[in-house]
Amino acid sequence: MSITNLLNNWSFYRQKRPYQGQYDLNRQYSEYKWAMALDLDICTGCNACTTACYAENNLPVVGKKRFNQGHVMHWIRIERYWDENMGEFPEQGASFLPMMCQQCEEAPCETVCPVGATSHTNDGLNSQNYHRCVGSRYCSVNCPYKVRYFNFWNYPSTAWPAPLPDQLNPDVTVRTKGIMEKCTFCVQRLNEAKSRARTEYRLVRDGEVVPACVQACPTSAITFGNIVDPKSKVAMMWKNQQVDLYKDMQEKDNSVRGYRILEDLRPFPSVMYLERVRDMEA
Amino acid sequence: MGRVREGRVLKMEGNPESKISGGKICGLGQAAVQVQYNPDRLTQPMMRVGDSLQPVSWDKAMALLEEKTGPKSGINGNEFAFMTGAMSGHLKVLVQNYLDSLGSKNHFVYEALSPAVSFAANKQIYGVDMPRLHFDKAKLILSFGSDFLGTGASPVHFAKEYAKFRKAPRGTLIQIEPKMTMTGANADRWIPIIPGTEGVLALGVANQLLKHDDFSKTVPADIVNLVGKYDLDTVSSITSVRSDLIGHLAGLLWEKSPSLVISGASVEGHVHGVQNAAAIQILNRILGNVGKTVDGQAQSPFPQLAPATGSFASLKAMNDGMGAGTYKAVFIYGANPVFTTPSFMGFRDNLRKVPFKVAFVNAVDETAEECDLVLPIYTAVEDFGSHVAWYQPEGVEITMQQPLMDKLYSDTRSMGDIMLDLVKQRRADEYKAWPNFFSYLKTAVTNIKPAVKYTDTDEHFWYDTLSHGVIHVDAPQQQIAENFSTEMLDLPTTVNSPDPKFPFYLIPSERHYFRDGRHANCGWLQESPDPLTTVVWDSWAEIHPKTAASMGIHEGDYLEVSSQNGTIKVKAYLFPGIHPDAISIPLGQGHESLGRFAKGVGVNPFKILNPVFEKNTGELAMFGTRVSVKRTGQSEIVVKDEGPVSTQMGRKLVVTLPADVAQLSKEI
Ligand code: SF4
Ligand code: SF4
Chain A
1 MSITNLLNNW SFYRQKRPYQ GQYDLNRQYS EYKWAMALDL DICTGCNACT TACYAENNLP
61 VVGKKRFNQG HVMHWIRIER YWDENMGEFP EQGASFLPMM CQQCEEAPCE TVCPVGATSH
121 TNDGLNSQNY HRCVGSRYCS VNCPYKVRYF NFWNYPSTAW PAPLPDQLNP DVTVRTKGIM
181 EKCTFCVQRL NEAKSRARTE YRLVRDGEVV PACVQACPTS AITFGNIVDP KSKVAMMWKN
241 QQVDLYKDMQ EKDNSVRGYR ILEDLRPFPS VMYLERVRDM EA
Chain B
1001 MGRVREGRVL KMEGNPESKI SGGKICGLGQ AAVQVQYNPD RLTQPMMRVG DSLQPVSWDK
1061 AMALLEEKTG PKSGINGNEF AFMTGAMSGH LKVLVQNYLD SLGSKNHFVY EALSPAVSFA
1121 ANKQIYGVDM PRLHFDKAKL ILSFGSDFLG TGASPVHFAK EYAKFRKAPR GTLIQIEPKM
1181 TMTGANADRW IPIIPGTEGV LALGVANQLL KHDDFSKTVP ADIVNLVGKY DLDTVSSITS
1241 VRSDLIGHLA GLLWEKSPSL VISGASVEGH VHGVQNAAAI QILNRILGNV GKTVDGQAQS
1301 PFPQLAPATG SFASLKAMND GMGAGTYKAV FIYGANPVFT TPSFMGFRDN LRKVPFKVAF
1361 VNAVDETAEE CDLVLPIYTA VEDFGSHVAW YQPEGVEITM QQPLMDKLYS DTRSMGDIML
1421 DLVKQRRADE YKAWPNFFSY LKTAVTNIKP AVKYTDTDEH FWYDTLSHGV IHVDAPQQQI
1481 AENFSTEMLD LPTTVNSPDP KFPFYLIPSE RHYFRDGRHA NCGWLQESPD PLTTVVWDSW
1541 AEIHPKTAAS MGIHEGDYLE VSSQNGTIKV KAYLFPGIHP DAISIPLGQG HESLGRFAKG
1601 VGVNPFKILN PVFEKNTGEL AMFGTRVSVK RTGQSEIVVK DEGPVSTQMG RKLVVTLPAD
1661 VAQLSKEI
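Protein sequence lines correspond, in order, to chains A and B. Note that my numbering has the first sequence beginning at 1, numbered continuously upward. Note that my numbering has the second sequence beginning at 1001, numbered continuously upward.
Here it is as structure tokens:
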């Protein structure tokens, strides 16, 4: 967003808060709006997705000391929770939560970036422009999901002792000190698929492209796709689960498992989770 | 499979044509590229000069091999031993042929975490090493310590099966084990138990079931009689499982048929491991699950390619031989026994007694450090090969391995090529048709053609095979037996009564990305938080909060954990998913070698294991060691991913829905 753009469209941008019904998916997006559905009942907490993300997106290994200082760079992490009302033992097992950038439609990080380094793309991603980022870290402070990761160190010089750089993915930049990064929904894969489709005068087909985490997941707990296409699996899942991208405080039937995390903060996330199920009679 | 760009492999993916993985991949598979580009890879042959290993040319290395083990060395078959890790496929055949050429029977297959006890139990009962399990047909899975989602035969395959099991109509998983595994963490109900008493609990449940006419006819009268001893109170006091739960389990099994009852490492790693597992399997018999959720795998038409999965007996035989000075030369490939053997065996000292020791490795590990010749071999992404997994869900699948890239280092060689050279030392004529392992493999694989009824040319078959990456062979299903006898179920009456000097049961747990420690030198895996504790780059001791409180132990306190065979110093992590009388330390860390990401990280619990053996198989009883726990007064922060609070604090992060409310069948 340039200053001129901002001034020209002042009335649009000065809106106080997003309100219900402000948007409509099809007006907002003509071709693509990428989204996910993640089934917490079959996610086993195995971390295959996180390792795949390291491999795909050139995430640096930071080591024990920096990990302890909170400098870890895992774009997707598996949170593990114990039940609050647990007695002596966790009798219903653990709760695992894969947490990555939720690609919010009203991303709280976007509005606070002083240089507009993080903004929305026309396929509905919350993008991070590494060249523009000045490292203010406001976005990270404002992210309710805490999924933005800052390069406190010059990882290219330390994280990949030779010949490990040979394994880096040439489709993804290696980020340097002083900038913010986060899950991109594997934008490099999306862009490749989109341009391939464009050369064939068509849209990307459902299932034609998946992010690295989705591809790796042994239980296929994550579904990915374009929710503009009502026939895509992800769109059908969102509909079936009565989750609407532009609604907050979703009202739905008791038996329906879909929800979005911290949706009452109204960031309108693009990741729908499906509730974990437990057989209470067991 | 992998993505390759400009001759470099960049990322590994699962092969969608595999019936085993279904195109999925775990973190270990991903990490293959980190083995490939590991900064600590061995790039040239090394030879012992005095106390250290010095670089040497391949010519010199092979000349030395020839001198020490070639036809002119005068070595006879009994004086030679070849230790390998688990092996299958054509490289295994070649190793076998080499040993034959030497007239040696000493192929010692050793895996520290082998399925030998479970195979032995299955063999007694079902007449096969491993039956086939149908998760998707089971309404209830009752698992006694089987961590099928984390470790074991094929976590990727079982994760896929597990996902089917959880779809509508959603199956229920109950896990009973002394320390929560990844599988336990996903259970609808997790029940802690005193280690080693799982069989008693199973017989307690059987006792409840056999009270009903429906079930009492399923087993012979002497078994009904024996099971009759296991009444609720007895079982509850031995196992520490509440008696109402025992009845509850029986009720659930009755209600949710067919079910599937399975057992795992924490059941098998005891003196009575085979009986413990058999007592659990009798539930499948009583419940009529055999033939429904438990049946036979396909009978492989290629027994020579079948996997050798390794055993402790074979390690022991080799260790004894070395100690007695029997061997003039030993080769070691795919195993790191100096790291994985308990101190009491004195493996390192025995190895030192062998005059000529050769290791074939990707990186110098603890065992290679002791060797006289260390040969750098190709990694999995540089080499050809064929593999057969020991769990085959559909027919028999031969996995083809082919190079994803040219060798990274000019001074490394293919293990197959080396083996072929070695075989040719004595059988040059027989093998002269094959200049290298590639050509040998091509011929051997092409020989499979008739078995898969492929009608096109050999050449087409070979390229087809490589492009699919797997060969599926339809093979008849193995018939499984159902032998149960009272002797099989002969469980000790006082299972594991506590020892006042060593009050804790030690649980050396297998981490899903570390296994026996061979993968510890990958940064990704070190930094991948342990799923249950979220600890990274370290070892830790899991102790129940209640026990910790009674001993004044806080997270990060250094504890001295001692068995009769040694002491390790390790930080405490307070973990609710463990029996209060047990303490668990993960395996795989504590390397003294292997490389920068592994060396000096954490501790190695293999070292303090006691000489306790499973009585039917002679396997090391991994869960049979008792320890004492002492605070040292020192403490240090535990580096982990979780925050200071381990619950959701009332936020709706992971929401749980009762199964009877959810309507999975209406979902997409
Ligand atoms: S979508 Fe891509 S970038 Fe995001 S978590 Fe998954 S693998 Fe990582
Ligand atoms: S790979 Fe799949 S099952 Fe494993 S932690 Fe990630 S989402 Fe969960």
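Using N, Cα and C, we set each Cβ at its ideal position, and we do this for glycine too. Everything numeric in this text was worked out from a predicted model, so none of it was measured.
Secondary structure remark: continuous alpha helix (DSSP H) runs of at least 4 residues inside the segment 1130 to 1201 of chain B, in chain order: 1155 to 1166, 1182 to 1185.
The C-beta distance from Lys1179 (chain B) to Glu88 (chain A) rounds to 15 Å, too long to meet the 8 Å contact threshold.
Taking 7 Å as the cut-off, the C-beta of Pro1071 (chain B) does not count as close to any heavy atom of ligand 1.
For Cys217 (chain A), the distance from the CB to the nearest heavy atom of ligand 1 is not below 7 Å.
Segment contact: the segment 1212 to 1229 of chain B against the segment 1480 to 1489 of chain B, three or more CB-CB distances shorter than 8 Å; contact assigned.
In this structure the segment 1351 to 1358 of chain B does not touch the segment 1602 to 1616 of chain B; the number of beta carbon pairs closer than 8 Å is below three.
Contact between Phe1082 (chain B) and Leu1094 (chain B) is absent: CB atoms are separated by about 11 Å, not below the 8 Å threshold. Residues of the segment 235 to 251 of chain A whose Cβ lies closer than 7 Å to any Cβ of chain B, in chain order: Met236, Met237, Asn240. Unbroken beta strand (DSSP E) runs of no fewer than 3 residues, entirely contained in the segment 1297 to 1380 of chain B, are found at 1329 to 1333, 1356 to 1361, 1373 to 1376, following chain order.
Nearest neighbour of Ile1448 (chain B) by Cα position, chosen from B:Thr1412, B:Ala1481, B:Thr1399, B:Lys1407, turns out to be B:Thr1399.
Here Val1638 (chain B) is buried, its C-beta having at least 16 other C-beta atoms within 10 Å. One Cα belongs to Ser1237 (chain B), the other to Ala48 (chain A), and the distance between them is close to 40 Å. At a beta-carbon threshold of 9 Å, none of the residues of chain B lie near Asn57 (chain A); the nearest stands roughly 10 Å away. A straight-line Cα-Cα distance of about 27 Å links Lys1599 (chain B) and Pro1155 (chain B).
Annotated three-state conformation of Tyr81 (chain A) is strand, per DSSP. Going down the chain, each residue whose beta-carbon is closer than 7 Å to a heavy atom of ligand 1 shows up: A:Cys49, A:Ala52, A:Cys53, A:Glu56, A:Asn57, A:Trp75, A:Ile76, A:Met100, A:Cys101, A:Cys183, A:Thr184, A:Phe185, A:Cys186, A:Pro211, A:Ala212, A:Cys213, A:Val214. Annotation for Pro1155 (chain B) indicates a beta carbon at 7 Å or more from all heavy atoms of ligand 2.
If you check the CB distance, Gly1103 (chain B) and Asn1076 (chain B) come in under 8 Å. Of all residues in the segment 1630 to 1654 of chain B, only Ile1637, Val1639, Asp1641, Glu1642, Ser1646, Thr1647, Gln1648, Met1649, Gly1650, Arg1651, Lys1652, Leu1653, Val1654 come within less than 8 Å of chain A when Cβ atoms are compared, listed by chain position. Nearest CB-CB separation between Val172 (chain A) and chain B: not below the 8 Å threshold. Placement of the Cβ of Thr44 (chain A) at a distance of less than 7 Å from at least one heavy atom of ligand 2 is found.
Pairing Met1047 (chain B) with Leu1375 (chain B), the inter-Cα distance amounts to about 9 Å. A heavy atom of ligand 2 is found nearer than 7 Å to the CB of Ala221 (chain A). Gly124 (chain A) and Thr111 (chain A) have their alpha carbons spaced roughly 15 Å apart. Around Ser232 (chain A), the same chain offers Asp206, Gly225, Asn226 as residues with beta carbons nearer than 7 Å, after the five sequence neighbours per side are excluded.
In terms of beta-carbon proximity, Gln102 (chain A) stays away from the interface with chain B, with every pair separated by 8 Å or more. Its Cα nearest to that of Asp1040 (chain B), the residue A:Pro161 stands out among A:Cys113, A:Lys65, A:Pro161. Here the segment 59 to 76 of chain A makes no contact with the segment 90 to 97 of chain A; the two share fewer than three CB pairs at distances below 8 Å.
Burial of Thr1069 (chain B) is indicated by the presence of at least 16 other C-beta atoms within 10 angstroms of its C-beta. Distances from the alpha-carbon of Asn1284 (chain B) to those of B:Gly1085, B:Ile1585, B:Leu1203, B:Thr1632 put B:Leu1203 closest. With a threshold of 7 Å, the Cβ atom of Pro98 (chain A) counts as near ligand 2, since some heavy atom of the ligand is closer than that. Contact annotation: in the segment 1008 to 1030 of chain B, residues whose CB is within less than 9 Å of a CB in chain A are Arg1008, Val1009, Leu1010, Lys1011, Met1012, Glu1013, Gly1014, Ser1021, Gly1022, Gly1023, Lys1024, Ile1025, Cys1026, Gly1027, Leu1028, Gly1029, Gln1030. Put simply, of B:Pro1258, B:Leu1532, B:Lys1092 the residue whose alpha carbon is nearest the alpha carbon of Ala1306 (chain B) is B:Lys1092. When C-alpha distances from Arg266 (chain A) are compared across A:Cys217, A:Asn8, A:Cys109, A:Glu192, the shortest belongs to A:Cys109. C-alpha of Gln1401 (chain B) to C-alpha of Arg189 (chain A): approximately 26 Å in a straight line. Rounded to whole angstroms, the separation of the alpha carbons of Gln1392 (chain B) and Gly1264 (chain B) is 18 Å.
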